[in-house]
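Numbering (our numbering), first residue to last: 44 to 466. Everything below concerns the one structure shown next.
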Ligand code: LLP
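Next up, the structure:
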């Protein structure tokens with residue numbers, strides 16, 4: 044295989060005359076030396092560019108960043124500064140963004156099983172609106188209203204009965220789903236009628252999210268059509284068409300851009316009355332390719348006639364996606380960016396199980412050695428946010444780089460962090 048294509052790397056990646064990789068004007072080797080590995084590195088200008096692309100395409104106030112993809116104080120503030128609202132799906136995500144200084148009035152609460160406490164917290168804080176997912180949740184909001192909390196603006200999450208081409212675990216728009224009110228069995232209409240007649244709810248719109256890492260724009264067109272047909276009968280101000288836009292993780296994948304996605308949604312919604320507010324909720328497409336993980340190679344084990352195992356200092360605890368969804372990734376050596384990747388190896392982590400695989404069969408530059416750095420691109424979404432402490436491995440640090448400067452935005456965990464909950 045040839046060298047890794049630059050399009051998989053963050054926008055502001057450059058290769059120096061010494062063949063080394065820099066991101067945001069900072070050499071990756073320098074970042075590894077300064078902050079240690081494993082390390083998540085985000086190109087801040089790339090993050091901002093994707094936020095701006097979404098706001099340009101859909102309009103200010105119509106883009107809600109799905110914080111589950113990647114959130115910390117710095118990311119919350121960045122998305123807020125760029126004019127995005129923030130989708131929080133738990134009390135923990137809400138707490139994180141409020142703690143970062145983002146007002147609740149810029150947040151939208153999601154979740155298929157919001158607790159009474161989470162709902163109370165969101166309404167009391169002044170959330171912009173709640174996307175209601177079930178009849179039980181309506182009961183809870185009505186109880187809170189009876190207890191004295193104010194009327195709250197809501198959208199209803201509708202399950203449009205659409206199948207998408209993605210992994211079963213991240214497909215959410217089909218009838219057989221834990222999410223939302225099914226359109227095909229009449230629940231959606233019952234929920235709409237109930238919300239419209241409830242003194243506790245101010246129904247401002249309907250919502251759907253058909254799945255994640257979707258590459259086929261026809262899937263968005265199909266779901267949008269179902270939602271537009273329903274929306275047209277309702278006389279409501281807002282329609283949210285979810286997130287879900289896929290990104291390319293490997294050399295042979297190609298994903299639509301935010302602009303191409305917007306075009307499809309605009310075409311699907313062009314018949315709506317002027318003044319209808321059409322919103323989206325991208326997560327992955329904002330952050331995935333802005334981030335890379337930097338690892339250090341710890342062991343190289345060739346097994347004649349079988350394969351070579353390259354073990355790095357992280358693994359399924361900082362990126363469970365290969366294990367969960369069989370997701371593919373590529374790697375490159377940040378010291379040899381133009382070298383052809385002529386060797387093949389299985390990139391594995393340091394966890395105590397054979398399934399701890401990061402890349403099943405990776406193309407690597409020849410003779411990878413102990414102590415080399417490996418960069419895995421496109422780990423900016425659902426990597427850090429799904430990280431765990433399995434085997435009491437400490438979660439990595441996160442740095443933002445921009446204009447030749449790096450700043451630590453999440454520090455590396457310490458051994459003390461690992462025992463802080465023990466009594
Ligand atoms: N809106 C709702 C209601 C969602 O549930 C999600 C993602 C999004 C927006 C953002 O979707 P995105 O634009 O990021 O595709 N852990 C999985 C992905 C789970 C997605 C969950 N919901 C993965 O690593 O692929």
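Glycine included, C-beta positions come from ideal geometry on N, C-alpha and C.
Give the DSSP bridge partners of residue i, in chain order.
i, result
"residue 109", "130"
"residue 214", "254"
"residue 83", "336 and 441"
"residue 281", "248 and 320"
"residue 345", "351"
"residue 173", "152 and 197"
"residue 388", "405"
"residue 56", "66"
"residue 202", "225"
"residue 315", "Partner(s): none; residue 315 has no beta bridge."
"residue 375", "418"
At a cut-off of 7 Å, would you count residue i as near the ligand LLP, judging by its Cβ distance to the nearest heavy atom?
i, result
"residue 425", "yes"
"residue 256", "yes"
"residue 213", "yes"
"residue 118", "no"
"residue 324", "yes"
"residue 372", "no"
"residue 267", "no"
"residue 435", "no"
"residue 90", "no"
"residue 359", "no"
"residue 130", "yes"
"residue 328", "yes"
"residue 221", "no"
"residue 429", "yes"
"residue 252", "yes"
"residue 157", "no"
"residue 93", "no"
"residue 112", "yes"
"residue 24", "What the structure shows of the chain is the stretch from 44 to 466, and residue 24 is not part of that stretch, so it cannot be assessed."
"residue 401", "no"
"residue 394", "no"
"residue 288", "yes"
"residue 285", "yes"
"residue 153", "yes"
"residue 109", "yes"
"residue 292", "no"
"residue 368", "yes"
"residue 70", "no"
Using the three-state DSSP reduction, which class does residue i fall into: helix, strand or coil?
i, result
"residue 139", "helix"
"residue 320", "strand"
"residue 270", "helix"
"residue 448", "strand"
"residue 411", "coil"
"residue 404", "strand"
"residue 262", "helix"
"residue 94", "helix"
"residue 330", "helix"
"residue 207", "coil"
"residue 359", "coil"
"residue 187", "helix"
"residue 118", "helix"
"residue 464", "coil"
"residue 419", "strand"
"residue 366", "helix"
"residue 288", "strand"
"residue 453", "strand"
"residue 307", "helix"
"residue 295", "coil"
"residue 393", "coil"
"residue 47", "coil"
"residue 125", "coil"
Taking 8 Å as the cut-off, decide whether the C-beta atoms of residue i and residue j are in contact.
i, j, result
"residue 434", "residue 360", "yes"
"residue 174", "residue 196", "no"
"residue 259", "residue 311", "no"
"residue 171", "residue 151", "yes"
"residue 283", "residue 323", "yes"
"residue 308", "residue 275", "no"
"residue 178", "residue 202", "no"
"residue 119", "residue 128", "no"
"residue 338", "residue 81", "yes"
"residue 332", "residue 420", "yes"
"residue 185", "residue 241", "yes"
"residue 358", "residue 391", "yes"
"residue 408", "residue 376", "yes"
"residue 108", "residue 122", "yes"
"residue 288", "residue 249", "no"
Quick one: does residue i have its CB under 8 Å from some CB of chain C?
i, result
"residue 381", "In summary, chain C is missing from the structure at hand, where a single protein chain is found."
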